[in-house]
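Below: the structure, in structure tokens.
Numbering (the UniProt record's numbering), first residue to last: 1 to 513.
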């Protein structure tokens, strides 16, 4: 017998009215004046549930969400959960062929799409064999489909559908940092599991906090930051629908005055560079967090100098739903990923599956209640990633004697020079510590003898010296040792990244093969 209370919508939405928060603002949109109270969030989700049932979208069918970070997003997500439909948030910065692949792979029967994104997905809709309905949020560019207001108009509100804790609740598509996105299936209890671990022990939000996440809601990291953690405690969330440029983020911090800001390393680096030029945001920040990629030590220190607030770097994954290894406000050290979040266990193993000792490099495996159920229609990859209670992360780490973990790189990114492992991240961090380097990525390339050596791609800032390559090589040698320096350095205007800010090193490797 299932219980309504195990449906995630009961805890994250319905509970707030019982606890007296109905009139409190749950969400507000930066720059638009639009907002949602907790009562409006519940009413909206109940109405979406009714509209989905009225449109004959059945329990366990998929509702694709190609939706900007606006107040419709949480209403659609929880409305789907309430009636047993599975919401599938999709990256808003992809190309038409990828949307086509995801819609076909998920077999979504309905698609919610923000009007500015419609043109990118429209060519994939005509011959899709699964979609029965498309709902357009905003000004409707195609009268063949209803807009959001018409879709929900007059729909009978629905109470929350019973669900078990282990029932599939939603999917997230992996960011594709190493190739085509995969559908990651999560159960109802996963959301609260992240709130009870990282949310409670590291972020430590209260009802008085206002949270602003530059990372978008379609991203597992952004989903926790802007939805799970604030709703768990009744805090307020600021939503930003546009591109998170450094200038836009600084302006939003200044105008919206959040107490907690959630970013990614590439954004923090760019914001620090912008602050060097134009000054500080006047936000009453008490906390900042970072994930997606390891945070360079120099970026964290410069940010703290500007704002007076440290960045708590952590590591998570779509498969684990949020951060499981992190620094904390009372225990942080730049250049490390901290220690395991309470509720998670981690171990490092070598290629033979044996645990490695302190100061040795191994692949990280993690054990925690927020682990995904598996990949959709990817049995071999599910078996390779989910090993009983342990989930393979694909990240190489080193555990120091003091118990802190130091990121070395993705398993696919690691390589050996003269028989010794090289951490691309270590070289990248050394390069990025130079004042003229904004970003850096390092991959393996072969020299004239066919041996692998580091090759660096850099994005410059400021006024570089005349012999930039020689200066950087000397800088790296002085920082991390003479044999780890990049043998080739190529200056580029930007680095290939996923929409969530992860550098796609496989694309750089393709360029040297």
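For every residue, glycine included, the Cβ atom is placed at its ideal position computed from N, Cα and C.
Computed from a predicted structure; not experimentally measured.
Decide yes or no for the touch test of the stretch 59-69 against the stretch 257-268: beta carbon pairs closer than 8 angstroms, at least 3 of them. Verdict: no, contact absent.
*Find the nearest neighbour of residue 474 within the set 317, 434, 462 and 161, judged by alpha-carbon distance.*
One-based indexing of the chain shown puts residue 474 at position 474. When the alpha-carbon of residue 474 is set against those of 317, 434, 462 and 161, the nearest one is in 434.
Practice task
Specify, as a first and last residue, the run of the alpha helix (DSSP H) that residue 364 falls within.
Solution key: Position 364 of the chain shown, counted from the first residue, corresponds to residue 364. For residue 364, there is no enclosing alpha helix (DSSP H); the residue is found in the beta strand (DSSP E) stretching over 361-367.
Looking at C-alpha atoms only, which residue of 122, 128 and 86 is the closest neighbour of residue 169? The sequence position of residue 169 within the chain shown is 169, counting from 1. Of the candidates 122, 128 and 86, 86 places its Cα closest to the Cα of residue 169.
Within the continuous beta strand (DSSP E) that includes residue 347, where are the two ends? By one-based count along the chain shown, residue 347 stands at place 347. Residues 345-349.
| query | Among 361, 110 and 412, which one has its Cα closest to the Cα of residue 507? | reply | Position 507 of the chain shown holds residue 507. Minimum Cα distance to residue 507 is reached at 412.
**Top-ranked residue by Cα proximity to residue 56, from 20, 24, 119 and 155** = Against the chain shown, residue 56 aligns to sequence position 56. Ranking the options by Cα distance to residue 56, first place goes to 155.
Neighbourhood of residue 49 by C-beta distance below 6 angstroms, restricted to the same chain and skipping five residues each side: For the purposes of this step, residue 49 is taken as residue 49 along the chain shown, with counting starting at 1. The beta carbon of residue 49 is closer than 6 angstroms to those of 79, 82, 83 and 158 in its chain, skipping five residues each way along the sequence.
Quick check: what's the CA-CA separation for residue 54 versus residue 151?
Counted from its first residue, the chain shown places residue 54 at position 54. Counted from its first residue, the chain shown places residue 151 at position 151. For the pair residue 54 and residue 151, the Cα-to-Cα distance works out to about 9 angstroms.
* Cβ-based burial, residue 399 [other Cβ within 10 Å; buried from 16] -> Within the chain shown, numbered from 1, the residue matching residue 399 stands at position 399. For residue 399, the number of other beta carbons within 10 angstroms of its own is at least 16, and it is reported as buried.
Under the three-state DSSP convention, the category residue 482 falls into:
Walking along the chain shown from the start, residue 482 turns up at place 482. Of the three classes helix, strand and coil, the one that applies to residue 482 here is coil, per DSSP.
Here's a check: name, in chain order, each residue in its chain whose Cβ is nearer than 7 angstroms to the Cβ of residue 489, leaving out the five neighbours to either side. Indexing the chain shown from 1 puts residue 489 at position 489. Here the set comprises 456, 458, 469 and 472.
Handout entry: Bounding residues of the beta strand (DSSP E) (the contiguous stretch that carries residue 184)
Key = Sequence index remark: in the chain shown, residue 184 carries index 184 (1-based). Secondary structure note for residue 184: its beta strand (DSSP E) is the uninterrupted segment 183-187.
* Asked: Measuring CA to CA, which of 166, 323 and 120 is closest to residue 229?
  -> Here residue 229 refers to the residue found at position 229 of the chain shown. For the set 166, 323 and 120, the Cα lying nearest the Cα of residue 229 is the one of 323.
Give the range of the beta strand (DSSP E) segment to which residue 460 is assigned.
Along the chain shown, one-based indexing puts residue 460 at 460. Run containing residue 460: 452-460, per the beta strand (DSSP E) assignment.
Practice prompt. Kindly indicate which three-state DSSP category residue 120 falls into: helix, strand or coil?
Written response: The count along the chain shown starts at 1 and reaches residue 120 at position 120. Under the three-state reduction of DSSP output, residue 120 falls in the helix class.
Sequence-distant residues of its chain with Cβ nearer than 6 angstroms to residue 327 (five each side left out): Sequence index remark: in the chain shown, residue 327 carries index 327 (1-based). So the list reads 312, 313 and 338, once near-sequence residues are dropped.
Original post:
Of the residues 11, 483, 232 and 191, which one's Cα is nearest the Cα of residue 424?
Top reply: Here the question's residue 424 lines up with position 424 in the chain shown. With respect to the C-alpha of residue 424, the residue from 11, 483, 232 and 191 having the closest C-alpha is 483.
Is it the case that the Cβ atoms of residue 417 and residue 452 are separated by a distance below 8 angstroms?
Position 417 of the chain shown, counted from the start, is the residue given in the question as residue 417. Position 452 of the chain shown, counted from the start, is the residue given in the question as residue 452. The beta carbons of residue 417 and residue 452 sit closer together than 8 angstroms.
Task: Separation of residue 165 from residue 1, as counted between CA atoms - done: To locate residue 1, count along the chain shown from 1; it is residue 1. To locate residue 165, count along the chain shown from 1; it is residue 165. Because the pLDDT of residue 1 is 41, which lies under 50, any placement of that residue in the model is unreliable, and the question is left without a value.
Candidates 361, 342 and 319, of which the one nearest residue 352 by Cα: Here residue 352 corresponds to residue number 352 of the chain shown, with the count starting at 1. Of 361, 342 and 319, the residue nearest in Cα terms is 361.
Going by DSSP in three states, residue 90 sits in which element: helix, strand or coil? Looking up residue 90 in the chain shown gives position 90. Reduced to three states, the DSSP call for residue 90 is coil.
Problem set entry | Sub-8 angstroms separation of residue 365 and residue 393 beta-carbons | Residue mapping note: residue 365 aligns to position 365 of the chain shown, counting from 1. Residue mapping note: residue 393 aligns to position 393 of the chain shown, counting from 1. Judged by their CB atoms, residue 365 and residue 393 are nearer to each other than the 8 angstroms cut-off.
Worksheet item: Can you tell which of 278, 300, 263 and 269 has the C-alpha that lies nearest to the C-alpha of residue 292?
Response: Position 292 of the chain shown, counted from the start, is the residue given in the question as residue 292. The candidate whose alpha carbon is nearest that of residue 292 is 263.
What whole-angstrom Cβ distance do residue 185 and residue 421 have, given they're in contact under 8 angstroms?
Here residue 185 refers to the residue found at position 185 of the chain shown. Here residue 421 refers to the residue found at position 421 of the chain shown. About 34 angstroms; that fails the 8 angstroms criterion.
query = With 16 other CB atoms within 10 Å as the buried threshold, where does residue 391 fall?
reply = Within the chain shown, numbered from 1, the residue matching residue 391 stands at position 391. Residue environment for residue 391: buried (at least 16 other C-beta atoms within 10 angstroms of its C-beta).
query: Between the C-alpha atoms of residue 5 and residue 476, what's the straight-line distance to the nearest angstrom?
result: Sequence index remark: in the chain shown, residue 5 carries index 5 (1-based). Sequence index remark: in the chain shown, residue 476 carries index 476 (1-based). Using only the alpha carbons, I get a separation of about 55 angstroms.
Worksheet entry | Alpha-carbon to alpha-carbon, residue 204 and residue 514 | Given a span of 1 to 513 for the chain in the structure shown, any question on residue 514 remains unanswerable.
- From the beta carbon of residue 12, is the nearest beta carbon of chain B less than 8 angstroms away? In summary, chain B is missing from the structure at hand, where a single protein chain is found.
* Asked: With 16 other CB atoms within 10 Å as the buried threshold, where does residue 466 fall?
  -> On the chain shown, residue 466 is found 466 positions in, with the first residue counted as 1. Label assigned to residue 466: exposed.
Legend entry - Boundaries (first-last residue) of the alpha helix (DSSP H) holding residue 39: Within the chain shown, the letter at position 39 stands for residue 39. First-last of the alpha helix (DSSP H) with residue 39: 38-54.
Where the beta strand (DSSP E) through residue 180 begins and ends
Within the chain shown, numbered from 1, the residue matching residue 180 stands at position 180. DSSP places residue 180 outside any beta strand (DSSP E), giving it a letter other than H or E.
**Study point:** For residue 27, the nearest candidate out of 238, 102, 42 and 221 (CA to CA)
**Key:** In the chain shown, the residue the question calls residue 27 occupies position 27. Here the closest residue by C-alpha is 238.
| Buried/exposed call for residue 497, threshold 16 Cβ in 10 Å | By 1-based counting over the chain shown, the position of residue 497 is 497. Of the other Cβ atoms in all chains shown, 16 or more fall within 10 Å of the Cβ of residue 497; this residue is therefore buried.
Discussion item. Does the stretch 104-111 come into contact with the stretch 34-45, if we say contact requires no fewer than three beta-carbon pairs (one atom in each stretch) closer than 8 angstroms?
Written reply: Three or more Cβ pairs closer than 8 angstroms define a contact, and the stretch 104-111 falls short of that threshold against the stretch 34-45.
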